[in-house]
Amino acid sequence: HYSLVYRRLYSLLGDSQLSEELCQDIFVSLWQRKFELPAVENWTSYLLKSATFKAIDYRRKRKDILNFTEDLEAEGIIAEVEDPK
872 HYSLVYRRLY
882 SLLGDSQLSE
892 ELCQDIFVSL
902 WQRKFELPAV
912 ENWTSYLLKS
922 ATFKAIDYRR
932 KRKDILNFTE
942 DLEAEGIIAE
952 VEDPK
């Protein structure tokens, strides 16, 4: 199932190394929760949905980080304008 999950992540993110990392995260999480998982009838569907949600979560966090970084840069620029040397 690894290649299926990897291909979904790569199609959503376009980064092979990142897709490999997130794919590994998904399978590690499944292994850690193996006794807690509900009875899954269709593993293909479950894994594809997991990959999709993982990609969405990554992009959401990445966007927050980029926005925060932009805010910090903007504050630095404002501070330089207010305090000329």
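Counting from 872, one number per residue, gives the positions in the sequence shown under our numbering. For every residue, glycine included, the Cβ atom is placed at its ideal position computed from N, Cα and C. These numbers were taken from a predicted model, which means no experiment stands behind them.
| Beta carbon of L908 nearer than 8 Å to that of R879 | Cβ distance not < 8 Å, so L908 and R879 don't count as in contact.
| Buried or exposed (CB count within 10 angstroms, at least 16 for buried), Y929 | Counting other Cβ atoms within 10 Å of its Cβ, Y929 reaches 16 or more and is therefore classed as buried.
| Rounded separation between A922 and D886 - CA only | Spanning the two alpha carbons is a distance of roughly 14 Å.
| query | How many Å lie between E938 and L883 at the Cα? | reply | Strictly speaking, residue 938 in this sequence is Asn, with Glu absent from that position. Between N938 and L883, the C-alpha separation is close to 21 Å.
| field | CB of E891 within 8 Å of CB of Y877, strictly | value | Less than 8 Å separates the beta-carbon of E891 from that of Y877.
| Simplified DSSP state of E892, which is helix, strand or coil | Residue state, collapsed to three classes: helix.
| task | Determine, using beta carbons only, whether L889 and T915 come nearer to each other than 8 Å. | result | Cβ atoms of L889 and T915: not closer than 8 Å.
| message | For the alpha helix (DSSP H) containing V911, name the first residue and the last one. | response | Note, V911: premise wrong, no alpha helix (DSSP H); not H, not E.
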